[in-house]
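Counting from 851, one number per residue, gives the positions in the sequence shown under the numbering used here. Heads up, the thing below is written out as structure tokens.
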Amino acid sequence: MNCATWNVRGLNKRSHQKEALHFVDSNHLSFVGFMETKVKVQNMSKVVNRIKRNLSWVSKHADHYNGRIIIGWDAAIWTVSVLNSSPQHVTCRALFKENNSSFVISFIYAFNDGCDRVPRWNFISSYSVGESWCLAGDFNTVLSISEILGVVSTGHPRCKLLKTVWLMLVSLVFEPLGILLPGQTEGRMTWC
């Protein structure tokens, strides 16, 4: 049972679809969320069939014309149901059939503008699941100043503001909910 998320920065090109297929196959993924897909609703079935035909797929084009988030899973291994969605997240309950255990997962692809991200944080801070909950994806924010590309000094005004906003977010949203920040295993770079 391997799960992952990936900000693919577009899935319309065949080369990106081949990379996505390689990502799924090489990591033996049975559950995957792709962010920043830029796939229009009329192209959805063609794109996901090129990635992996035997997966079940969902996107929420009703929430955003570009889909933004596409989720795939192996229906022989998982039962997945969408609980809530917006242009910035798709929240699902995932049941692992082998041992009948379940958890809630929110695949997140945050808007670039901080003000536009407020509804997502409001959702996270008010949503109660009463079971294990995984928040995964691209938050379009940073955990530390070292993640910012192109900013040399942590004394830069933008760095100070980002650090202040992040610390407020952690103290007002994550800590009260008991959310842990485990970090990433690969690809640790936030584009600002």
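The beta-carbon is built from N, C-alpha and C at its ideal position, and this holds for glycine as well. Since this is a predicted model, take the numbers as computed values, not measurements.
Coarse secondary structure for F989, derived from DSSP in three states
Here the question's residue 989 lines up with position 139 in the sequence shown. It is coil, neither helix nor strand.
Specify the secondary structure class of H939 as computed by DSSP and reduced to three states.
As a position in the sequence shown, residue 939 is number 89, starting the count at 1. H939 falls in the strand class under three-state DSSP.
Under DSSP, the alpha helix (DSSP H) around A870 begins and ends at which residues?
The sequence position of residue 870 within the sequence shown is 20, counting from 1. Looking at the DSSP string, the run of the alpha helix (DSSP H) that includes A870 is R864 to S876.
For F953, which residues does DSSP report across the bridge?
Within the sequence shown, the letter at position 103 stands for residue 953. F953 is bridged to A944.
Same chain only: Cβ atoms within 6 angstroms of T846, ignoring 5 sequence neighbours per side:
Nothing can be reported for residue 846: it is not among the residues displayed for the chain, which extend from 851 to 1042.
Round the Cβ separation of S909 and M894 to the nearest angstrom and send it over; I've been treating them as touching at under 8 angstroms.
On the sequence shown, residue 909 is found 59 positions in, with the first residue counted as 1. On the sequence shown, residue 894 is found 44 positions in, with the first residue counted as 1. Under the criterion of beta carbons closer than 8 angstroms, S909 and M894 qualify as touching, at roughly 6 angstroms.
Chain D contact for K890 (CB, 8 angstroms cutoff)
The chain labelled as chain D is not found in the depicted structure, where only one protein chain is given.
Classify D1056 as buried or exposed, calling it buried when 16 or more other Cβ atoms lie within 10 Å of its own Cβ.
Nothing can be reported for residue 1056, as the shown portion of the chain is limited to 851 through 1042.
Simplified DSSP assignment, three categories, for V1002:
Here residue 1002 is taken as the residue at index 152 of the sequence shown, counted from 1. Only weak support exists for where V1002 lies, its pLDDT of 48 falling under 50; the coordinates are left without a value.
Just checking my contact of N852 with L871 at CB under 8 angstroms: how many whole Å lie between their CB atoms?
Counting from 1 along the sequence shown, the entry for residue 852 is found at position 2. Counting from 1 along the sequence shown, the entry for residue 871 is found at position 21. Going by Cβ atoms, the distance from N852 to L871 rounds to 15 angstroms, so no, they are not a contact pair.
Rounded distance between the beta-carbons of A944 and D988, thought under 8 angstroms
Sequence index remark: in the sequence shown, residue 988 carries index 138 (1-based). Sequence index remark: in the sequence shown, residue 944 carries index 94 (1-based). About 19 angstroms separates the two Cβ atoms, so there is no contact after all.
Is it buried or exposed for V968, if we count other Cβ within 10 angstroms and need 16 for buried?
Numbered from its first residue, the sequence shown carries residue 968 at position 118. Under this definition V968 is an exposed residue.
Buried/exposed call for V891, threshold 16 Cβ in 10 Å
Taking the first residue of the sequence shown as position 1, residue 891 is located at position 41. That one is exposed.
What does DSSP give as the partner residue(s) for A854 in the beta ladder?
For the purposes of this step, residue 854 is taken as the residue at position 4 of the sequence shown. The partner list for A854 (beta bridge, DSSP) reads V882.
By DSSP, does S895 sit in helix, in strand, or in coil?
Your numbering for residue 895 matches position 45 in the sequence shown. Note: S895 maps to helix in three-state DSSP.
Run the CB neighbour count on R918, radius 10 Å, all protein chains shown included, and call it buried at 16 or more, exposed below.
Looking up residue 918 in the sequence shown gives position 68. Burial call: buried.
If you check the beta carbons only, do F973 and S936 fall under 8 angstroms apart?
Translated into positions along the sequence shown, residue 973 becomes position 123. Translated into positions along the sequence shown, residue 936 becomes position 86. In this structure, S936 lies closer than 8 angstroms to F973 by Cβ.
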